[in-house]
Amino acid sequence: MLRLILLGPQGAGKGTQAVRIGEKYQVPTISTGAIFREHVKNETPFGLEAQKYMKGGDLVPDELVIAIVEERLKEEDCRNGFLLDGFPRTVCQAERFDQFLKSLEQSIDKVINIVVDKQVLIDRTVGRRVCKVCGATYHICYKPPKVEGICDVCGNPIIQREDDSEEAVTRRTEVYIKKTQPLVEYYNKKGVLAVINGQQSMDKVFQDIVDALGVK
Ligand code: AP5
Ligand code: MG
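Each number in this note's numbering comes from the position in the sequence shown (counting from 1) with 100 added on.
This is the structure in C-alpha cells:
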C-alpha cells in the first residue's frame, strides 16, 4: 500500500518518474494533466473548458479539478494505493484532498518534491516531445526516439505539447511559484515531504526516490 504525491514544476520529471514508480510499486499513476489533455483531445464539455486555461499555462479552476480527481480515486484500482502526478497544485486543492482522504480513513505516505533549476526546466520543456496517441514522453536531446518523429512505443507521430511554447512555459513558472510552491511547506509541516535533486540522470533520480520511500 503506497499513497504518493509527486510535486515539482513543469519539466521537473514528474511524468518520467511516475511511469517508473508506478511499474515498480504496482500502483496506478494519475496525472491530472494527462487526464485533462485526453478530455481536450476528445472535445468533452470539460475538455473545452479546461483548454481555455491550459493553453496559456494557467491552472484549471479548483472545483473542476477536485471533482475529477475524487471520481478517479474512487475507482477499484486505487484501493491499494496510487501515485498522483500534478495534483494537488494549490493549497485549496490540498486541503480538500486531505478532507477527502480523511473521509476514507486514508492518508498520504510521502510527497516527493523534485527540484530543478529554472533554466534547466525551460530547456526540458521546450525540447520535450510527446506521442500524440499514447502520450509517451521524449526529449530532442536527452531522450530522443529511435526513429525521428515516431513514438518507440506505438509508432505514431510525436509532437510538441500546446503548452510547451516559450510564452506558456513562462506563465506556468509564474503560476507554479505563486500557487503551487506553498505546498512544499504545507507538506513539510505534515512531516511527509522528501526533497529529490531532479538535476541528475533519470536513473539516479529514480534511485533517490526509491531510497526516500524506503520500500524495496
Ligand atoms: P501537467 O501535465 O501536470 O504539466 P506540468 O506540471 O507543468 O508538468 P510537465 O508535464 O510539463 O512536466 P513533468 O514534471 O511531468 O516533466 P516530464 O517528465 O515530462 O499540467 C498541464 C496543465 O494542466 C497545467 O498547466 C494546468 O493548466 C492543468 N492542470 C494539471 N493539473 C492541474 C491541477 N491539479 N490543478 C489545476 N490545473 C491543472 O519531463 C520533461 C522533459 O524533460 C521530458 O522531455 C523528459 O524526457 C525530460 N527529462 C525528464 N527527466 C530528465 C532528467 N533527469 N534528465 C534529462 N531530461 C529529463
Ligand atoms: Mg507531466
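Even glycine gets a Cβ: it sits at the ideal position worked out from N, Cα and C.
Which listed residue (the options) has its alpha carbon closest to that of residue i
i, options, result
"D264", "I105, K155 and G113", "K155"
"G108", "A268, I277, L102 and K290", "I277"
"R196", "Q219, I222, D162 and R172", "D162"
"K232", "N180, A134 and K124", "A134"
"N288", "G157, Q300, D209 and G113", "D209"
Beta-bridge partners of residue i, as assigned by DSSP
i, result
"V231", "Position check: residue 231 holds Cys in this sequence, whereas Val was assumed. I258."
"L293", "V211"
"T129", "L183"
"K114", "According to DSSP, K114 bridges with nothing at all."
"R172", "According to DSSP, which records beta bridges pairwise, R172 is partnered with nothing at all."
"Y238", "R229"
"K152", "Beta-bridge pairing links K152 to no other residue."
"L159", "According to DSSP, L159 bridges with nothing at all."
"I250", "P257"
"K243", "H239"
"I105", "L184 and V211"
For residue j and residue i, the rounded distance between their alpha carbons
i, j, result
"R261", "F182", "25 Å"
"F187", "I105", "7 Å"
"R137", "V169", "14 Å"
"E176", "P128", "10 Å"
"N256", "G122", "23 Å"
"V165", "L313", "27 Å"
"Y286", "I212", "13 Å"
"P245", "G227", "13 Å"
"G322", "Q219", "With the chain represented from 101 up to 316, any question about residue 322 goes unanswered, as that position is not in the structure."
"D223", "Q300", "14 Å"
"G291", "A194", "15 Å"
"F146", "D158", "15 Å"
Any non-hydrogen atom of the ligand AP5 closer than 7 Å to residue i Cβ
i, result
"P282", "no"
"H239", "yes"
"R272", "yes"
"E301", "The question names Glu, but residue 301 is Ser in the sequence shown. Under cutoff, so the answer is yes."
"K243", "yes"
"R189", "yes"
"G108", "yes"
heavy atom of the ligand MG below 7 Å from residue i C-beta
i, result
"G186", "yes"
"G298", "no"
"K114", "yes"
"G133", "yes"
Cβ-heavy atom distance, residue i to the ligand COA, below 7 Å
i, result
"V226", "With respect to the ligand COA, the structure shown offers nothing to examine, as its ligands consist of the ligand AP5 and the ligand MG."
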